[in-house]
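Chemist:
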Amino acid sequence: MASRMPSAPRPIPNGSASANIAPGRVGPGYMVSFFHLPSHIRIHAFDAHQLMERCKPIECFLSRSKPVRRSHPDSRRNGPGNRRKPRSGSGIKERPMKHSYSTRALTVLCLLAGLILAAPAALADDFELKGDPEAGKQPYQQQCASCHGNSGKGDGPAARAFNPPPASLLRDELSAEHLFLVTRDGGMAHGLAPTMPAFNRSLNEQQIHDVVAYLLSLRDE
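Next comes the structure, spelled out in structure tokens:
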């Protein structure tokens, strides 16, 4: 009698409105989409690729260890009214099914979580502000002053329309790296207010460096 194998799970849909999705395939029947990750982590895509390669031996081991539910040969002749015990010494035991697919998915997700937690630390070690305060004044006035004010205190003409109001950018605890990431990726990507938009389309990275340098110069005034 042919063994009955569990059906493969359906692929997880990629659906996302973002244009910066970087999908990757992990084993047969699995699709992993990174649309929920902050965009600054996507610069470590090469780490994700290496991670997928390292997952292959684990996936192969788990796929080989999938148990098969086997029934006793005499159970086909045992009707509802004719229940008999299996013959002693047959050596065939019924084993419960294990969720091998769930184990594989959990293993991959744990490894991805480690990559996500390690990526911001790596970025923090490599970050270096390369901006010109004079060059950052004009883009700040055009893109940021309406909400954060000319002085960066969060008192711009449009500030009253937001709840919570725009943050003051003159606080010393806001590092240059933090200002750069939030300006580039938006507030939601870093657990802040979704009213802070991402400027990675209207400003290039050098312009964002210049804006951050200009903000830091306002603290000295």
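Our numbering puts the sequence shown at residues 995 to 1215.
Here a beta-carbon is modelled for each residue, glycine too, at the ideal position from N, C-alpha and C.
Small disclaimer: the values here were computed from a predicted structure and weren't measured.
DSSP three-state label for residue 1161, please.
Modeler: Of the three classes helix, strand and coil, the one that applies to residue 1161 here is coil, per DSSP.
Chemist: For residue 1177, report the span of its alpha helix (DSSP H) as first-last.
Modeler: Looking at the DSSP string, the run of the alpha helix (DSSP H) that includes residue 1177 is 1170-1179.
Chemist: Could you name the residues of the same chain whose beta carbon sits closer than 7 Å to that of residue 1187, not counting the 5 residues immediately before and after it, in chain order?
Modeler: So the qualifying residues of the chain are 1158 and 1181.
Chemist: Quick one: residues in its chain with C-beta nearer than 6 Å to the C-beta of residue 1177, no 5 flanking neighbours on either side, listed in chain order?
Modeler: Same-chain partners within the cutoff: 1193 and 1202.
Chemist: Does the distance from the CB of residue 1197 to the CB of residue 1137 come in under 9 Å?
Modeler: Yes. Within cutoff.
Chemist: In angstroms, rounded to a whole number, what distance separates the CA positions of residue 1140 and residue 1209?
Modeler: Going by the C-alpha atoms only, they are around 15 Å apart.
Chemist: Measure how close the beta-carbons of residue 1207 and residue 1125 come, nearest whole angstrom, since I'm counting them as under 8 Å.
Modeler: The Cβ separation is near 3 Å, so the contact holds.
Chemist: Can you tell me whether DSSP reads residue 1213 as helix, strand or coil?
Modeler: Helix at residue 1213.
Chemist: With distances taken from CA atoms, which of 1097, 1163 and 1130 is nearest residue 1143?
Modeler: The shortest C-alpha separation from residue 1143 is found at 1163.
Chemist: Taking Cβ positions only, does residue 1211 come closer than 9 Å to chain B?
Modeler: In the displayed structure, chain B is absent; only one protein chain is listed.
Chemist: Roughly how many angstroms separate the alpha carbons of residue 1171 and residue 1150, rounded to a whole number?
Modeler: If I take the Cα positions, the gap works out to 23 Å.
Chemist: Inspect the beta-carbon positions of residue 1129 and residue 1204 and report whether they are closer than 9 Å.
Modeler: Their beta carbons are under 9 Å apart, which means residue 1129 touches residue 1204 by this criterion.
Chemist: Taking buried to mean at least 16 other C-beta atoms within 10 Å of its own C-beta, is residue 1183 buried or exposed?
Modeler: With 16 or more other Cβ atoms within 10 Å, it is buried.
Chemist: Give the single residue among 1120, 1127, 1103 and 1100 whose Cα lies nearest to the Cα of residue 1212.
Modeler: The candidate whose alpha carbon is nearest that of residue 1212 is 1127.
Chemist: Could you tell me the alpha carbon to alpha carbon distance between residue 1195 and residue 1155, rounded to whole angstroms?
Modeler: Cα to Cα, the separation comes out at about 24 Å.
Chemist: Excluding the 5 residues flanking residue 1190 on each side, which residues of the same chain have their C-beta closer than 7 Å to its C-beta?
Modeler: Cβ neighbours of residue 1190 beyond the five flanking positions: 1176, 1180 and 1181.
Chemist: CA-CA distance, residue 1161 and residue 1100?
Modeler: The straight-line gap from Cα to Cα measures roughly 39 Å.
Chemist: Note the first and the last residue of the continuous alpha helix (DSSP H) segment covering residue 1141.
Modeler: It spans 1139-1142 - the alpha helix (DSSP H) in which residue 1141 sits, taken as one unbroken run.
Chemist: Whole angstroms are fine: how far does the CA of residue 1123 sit from the CA of residue 1200?
Modeler: Computed Cα separation, rounded: 10 Å.
Chemist: Apart from the five residues on each side of it in sequence, which residues of its chain come closer than 8 Å, Cβ to Cβ, to residue 1148?
Modeler: 1141, 1142, 1159, 1160, 1161, 1162 and 1163, listed in sequence order.
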